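Encoded as structure tokens, the structure appears first; notes follow it.
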């Protein structure tokens, strides 16, 4: 019969390090694992806090003050919001921005989709047309606007052609409504290529079998577009609609370059962003009032986005 091991042989030496229990980590390791994600996120968070969150909070605070460019102002409550409700120029700007959304967004949802359907075919030379349609996106809005002014001016290319045909020139840049429509046409033309690329990526994921099955059932091109293509890219259409709606509400450069800093004849083509720029700049700029206008624009955009998301969720349900 073997002898039993001595009790001292199983004990660790007194000067040995304490044994590490399985499954238990050192505190330093836990701290390192907890801090590592924040260290990676810190640069982005600091940039967001400095250039997004802080300006937003500062704008909210200023909207309740009578601040001007060189003075911080004092707290005046809702006086700025009450004042803008009695400002005729605010209602003109709100009407123009709303018209911009109503007329531009449907064009930027449907026209790029049709354009993407035309250039998605793999035929020789199609890359040239894709590049040509995308060129206005990378071009400066100043250059594009100057080109449109050159075409639409009273002595421009289009009116020159009309005179040569014996037709009276059209006041594209001096009539209130034609000027606004010209700005909308510029916005649509410049955004076609950008949204076309988004639709091309969405169309590449549409199963070819669906089109083949619809074609076997006797569906024509229009029927296949309505019954197969549009439902397959519906989420992309919602995305394009939301993006273009926000851009339309925030339109500034196109109208500013075509209508000028005054916003067209008598300021009739002023948009909300142009009104904010006009109210908040200069040595005597009413930055408090401009901040109140900015908050109204933010709320309008937020409500519009919530409506789009709710409509999209209801369709999915």
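Numbering (this note's numbering), first residue to last: 393 to 709.
We treat Cβ as the ideally placed atom computed from N, Cα and C, and that holds for glycine.
Because the structure is a prediction, the values reported are computed rather than measured.
Presumed contact (8 angstroms Cβ cut-off) between residue 585 and residue 528, rounded CB distance: Along the chain shown, one-based indexing puts residue 585 at 193. Along the chain shown, one-based indexing puts residue 528 at 136. Rounded, the Cβ-Cβ distance is 6 angstroms, consistent with contact.
Opening and closing residue of the alpha helix (DSSP H) in which residue 566 lies: Start at 1 with the first residue of the chain shown, and residue 566 comes out as number 174. Element bounds for residue 566: n/a, residue is neither H nor E.
Pick from 512, 635, 682 and 643 that is closest to residue 593, judged by C-alpha positions: Residue numbering aside, residue 593 sits at position 201 when the chain shown is read from its first letter. The candidate whose alpha carbon is nearest that of residue 593 is 512.
Counterpart residues of residue 457 in DSSP-defined beta bridges: Locating residue 457 in the chain shown gives position 65, counting from the first residue. Paired residues: 467.
Segment limits, alpha helix (DSSP H) that includes residue 628: Stepping through the chain shown from its first residue, residue 628 is reached at position 236. Its alpha helix (DSSP H) spans residues 626 to 641.
The alpha helix (DSSP H) enclosing residue 550, as first and last residue numbers: The sequence position of residue 550 within the chain shown is 158, counting from 1. Segment 549 to 556, the alpha helix (DSSP H) holding residue 550.
Coil, strand or helix - residue 603 by DSSP: Counted from its first residue, the chain shown places residue 603 at position 211. Residue 603 falls in the helix class under three-state DSSP.
First through last residue of the alpha helix (DSSP H) which encompasses residue 484: Taking the first residue of the chain shown as position 1, residue 484 is located at position 92. For residue 484, the uninterrupted alpha helix (DSSP H) segment begins and ends at 480 to 511.
Residues of its chain near residue 561, where Cβ-Cβ distance is below 8 angstroms and the 5 sequence neighbours each way are ignored: Here the question's residue 561 lines up with position 169 in the chain shown. Taken in chain order, the residues that qualify are 546, 551, 554 and 555.
Runs of alpha helix (DSSP H) wholly within the segment 420 to 456 (minimum 4 residues, chain order): 446 to 454
Inter-residue spacing [alpha-carbon to alpha-carbon] between residue 639 and residue 470: Counting from one through the chain shown, the residue named residue 639 turns up at place 247. Counting from one through the chain shown, the residue named residue 470 turns up at place 78. Residue 639 and residue 470: Cα-Cα distance of roughly 28 angstroms.
Proximity winner among 658, 660, 675 and 680, relative to residue 668 (alpha-carbon distances): Taking the first residue of the chain shown as position 1, residue 668 is located at position 276. It is 680 whose Cα lies nearest to the Cα of residue 668.
Member of 579, 488 and 548 whose CA lies at the smallest distance from the CA of residue 531: For the purposes of this step, residue 531 is taken as residue 139 along the chain shown, with counting starting at 1. For the residues 579, 488 and 548, the minimum Cα distance to residue 531 belongs to 579.
Burial state of residue 695, where buried means 16 or more other Cβ atoms lie within 10 Å: Here the question's residue 695 lines up with position 303 in the chain shown. Its Cβ having fewer than 16 others within 10 Å, residue 695 is exposed.
Neighbourhood of residue 501 by C-beta distance below 6 angstroms, restricted to the same chain and skipping five residues each side: Position 109 of the chain shown, counted from the start, is the residue given in the question as residue 501. Non-local beta-carbon contacts of residue 501 in its own chain, meaning distances under 6 angstroms to residues more than five positions away in sequence, involve 629, 632 and 633 in chain order.
Alpha carbon of residue 651 to alpha carbon of residue 565, nearest angstrom: Within the chain shown, numbered from 1, the residue matching residue 651 stands at position 259. Within the chain shown, numbered from 1, the residue matching residue 565 stands at position 173. Cα to Cα, the separation comes out at about 7 angstroms.
Residue nearest to residue 504 in terms of C-alpha spacing, selected from 483, 587 and 573: Sequence index remark: in the chain shown, residue 504 carries index 112 (1-based). Cα-wise, what sits closest to residue 504 is 587.
Proximity winner among 540, 601, 674 and 705, relative to residue 571 (alpha-carbon distances): Position 179 of the chain shown, counted from the first residue, corresponds to residue 571. Of 540, 601, 674 and 705, the residue nearest in Cα terms is 540.
Secondary structure of residue 598, DSSP reduced to three states: To locate residue 598, count along the chain shown from 1; it is residue 206. The answer is coil: DSSP assigns residue 598 none of H, G, I, E or B.
Straight-line Cα distance separating residue 682 from residue 622: Taking the chain shown and counting its residues from 1, the one referred to as residue 622 is at position 230. Taking the chain shown and counting its residues from 1, the one referred to as residue 682 is at position 290. Going by the C-alpha atoms only, they are around 41 angstroms apart.
DSSP-derived helix/strand/coil call for residue 653: Here residue 653 refers to the residue found at position 261 when the chain shown is read from its first residue. Three-state DSSP puts residue 653 in coil, outside helix and strand.
Endpoints, the alpha helix (DSSP H) within which residue 544 is located: Residue mapping note: residue 544 aligns to position 152 of the chain shown, counting from 1. Residue range 533 to 544 is occupied by the alpha helix (DSSP H) that includes residue 544.
Within 9 angstroms, strictly: CB atoms of residue 688 and residue 443: What you label residue 688 is simply residue 296 of the chain shown in a count that begins at 1. What you label residue 443 is simply residue 51 of the chain shown in a count that begins at 1. It is not a contact, given that the beta carbons lie outside the stated cut-off.
Neighbour-count burial assignment, residue 446, 16 or more Cβ in a 10 Å radius: As a working note, residue 446 is residue 54 in the chain shown. With fewer than 16 Cβ atoms within 10 Å of its Cβ, residue 446 is classed as exposed.
Pairwise C-alpha distance: residue 700 and residue 706: Here residue 706 refers to the residue found at position 314 of the chain shown. Here residue 700 refers to the residue found at position 308 of the chain shown. If you take the alpha carbons of residue 706 and residue 700, they lie about 10 angstroms apart.
Environment of residue 663 [buried if 16+ CB atoms lie within 10 Å]: Along the chain shown, one-based indexing puts residue 663 at 271. Buried: at least 16 other Cβ atoms inside 10 Å.
Other residues of its chain near residue 492: CB distance less than 6 angstroms, five sequence neighbours each side excluded: The count along the chain shown starts at 1 and reaches residue 492 at position 100. 640 and 643, listed in sequence order.
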